[in-house]
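Those letters in the sequence shown? Residues 1 to 396, by full-length UniProt numbering.
Where a beta carbon is used, it is the ideal one built from N, C-alpha and C, also for glycine.
Small disclaimer: the values here were computed from a predicted structure and weren't measured.
The structure appears right after this line, and notes come after that.
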Amino acid sequence: MRLRGVWRDRLPEQRRGLLMTALALIVAIAAVDIGIGTSVHLGPLLVIAPTLTAAFAGPRLTALVGALAEVALVIIAIFHGGLTTTNHVAQLIALAVLSALVVFVCYVRERHARELSRLRSVAETAQRVLLRPPPRRIGPLRVAWLYLAAEDEAQIGGDLLAVARADHPCTRVLIGDVRGHGLASVGEASVAMSAFREGAHRYPSLPELATAVEESICRNLEEVADTAHDAGEHFITAIMIDIPDQGPPAEMLNCGHPPPLLIRGGQVTALNSRRPAPPWGLHALCVLNDRTDRFALEPGDMLLLYTDGVIEARSPTGAFYPLAERVASFPASSPDALLHHIHRDLLAHSGEQLTDDAAFLIIERIPSRHLHRPLVASHADGRTRPQPAGRHGLAR
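Structure below.
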């Protein structure tokens, strides 16, 4: 009874089924071998049982099944004339050696799996520290985000996103994309996010903040680049947005990044910049004061920021992902529900094969009547009451 309880607690349903299959093989092979007599020897096939067990269980359970197979072979030998015959002794030794080898391989595999698990845990902790997930609510804004790394076993790559509070008071938002993708670009992304978080509280205007971030990135590139030509091959596209709690419209500075989407009353509008600034890291000397654009972010509006890994995701036929069209087809929803729709739709479009890092950041200005309500999860269907439409777009 105790052993049965251990199996039920430790083995999932599918593994219990595989274990019963291995045990059934032992019984079936022994029964057939005994039934057909000494003309055919099926005892060597008993090694299948511990080999099958090693595919889904640990070394202890594998050794137990191997021992049961050895017992079955002893029973076969007894029915076929005794244990002292040369043939039966050879079969017993061969089965014991092969079972021991299978158990050893299973032990080595389990040890490597534990080491990989520890390394993955350390890597995930380091990646979470670098990314520092944005809060679900900050000031009068509700936030939802998603990061899809292109490389296996990675949580972050060359995309960057951050949200910080400033003193005036307002919320500052950053999303960006380092040239390239994967773990090789994590260092540059972390430099940009650190400079943004540090400068968001220090610099009163977006141009000043962008200049400070640009200087940090250029210094880092000069230190890590092998040659001057190599430094010129690295850059970061980004968008920074300043969203006041009240008063003036939101302000945006686009540094060569895909335009965000404003969602209002079921309508989706791309906020194209009239004069985008150059990407960071190109040492481009330009005045940024006249590169900002303004737009209204009214209560109930949602702002969708994303990286080019989203719109460049291809279907099996080679078609790019039509983000704006797809967002317009989704029902009015909360940021979390909208993000769920986009995530599921993007993976379906690309066949769950992304060739570049992809990041989403959705900002919703909370209606004043909801500001003091506690944060709760979205409804199961993701539906919320649609907000009235209004004027939208960019203004200088």
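So, helix, strand or coil for N254, using DSSP?
strand
C-alpha gap between I239 and H257, whole angstroms:
6 Å
Identity of the residue in L297, G43, R291 and F360 nearest D177 by Cα
F360
Touch check for the stretch 251 to 265 and the stretch 197 to 214: three-plus C-beta pairs under 8 Å?
yes
R202 versus A313: straight-line alpha-carbon distance, rounded
37 Å
Are the beta-carbon atoms of S273 and D242 separated by less than 8 Å?
no
So, is G17 buried or exposed, given that buried needs 16 or more other C-beta atoms within 10 angstroms?
exposed
Who are I93's beta bridge partners in DSSP?
DSSP output for I93 lists no bridge partner at all.
Hey, out of E198, P244 and A192, whose CA is closest to R219's CA?
A192
Alpha carbon to alpha carbon, how far is T227 from A166?
Reliability fails at T227, whose pLDDT of 48 lies under 50, so the model's placement of it is uncertain and the value that follows must be treated cautiously. Going from the Cα of T227 to the Cα of A166 covers about 37 Å.
What ranges does the beta strand (DSSP E) occupy inside the stretch 135 to 166, keeping only unbroken runs of at least 3 residues that lie completely in it?
141 to 148 and 159 to 166
Which residue spans inside the stretch 317 to 367 form an unbroken beta strand (DSSP E) run of at least 3?
358 to 365
Could you check how far apart the C-beta atoms of G351 and P299 are, in whole angstroms? I think they sit under 8 Å.
Wrong, their Cβ atoms sit about 38 Å apart, outside the cutoff.
Quick check on F235: does DSSP put it in helix, strand or coil?
coil
Please work out which residues of its chain come closer than 6 Å, Cβ to Cβ, to L19, disregarding the five sequence neighbours upstream and downstream, and give them in chain order.
none
Going by DSSP, what residues sit across from Q267 in a beta bridge?
R264
Which of helix, strand or coil does DSSP assign to H229?
Residue confidence is low: H229 scores 46 on pLDDT, short of 50, so the model does not pin down where it sits. Its coordinate-derived value is still stated next. Note: H229 maps to helix in three-state DSSP.
Does DSSP put M1 in a helix, in a strand, or in coil?
In this prediction, M1 has a pLDDT of 39, which is less than 50 and means its spatial position is unreliable; what the coordinates show is noted afterwards. DSSP places M1 in coil when its eight states are reduced to three.
Which residues in the same chain as P140 place their Cβ atom closer than 7 Å to its Cβ, once the five residues preceding and following it in sequence are excluded?
D245, R365, I366 and L371
Thinking C-alpha only, which one of R264, Y321, H341 and L303 is nearest I362?
L303
Among residues of its own chain, excluding the 5 on either side of A200, which ones have a beta-carbon nearer than 7 Å to its beta-carbon?
A164, A166, R172 and L209
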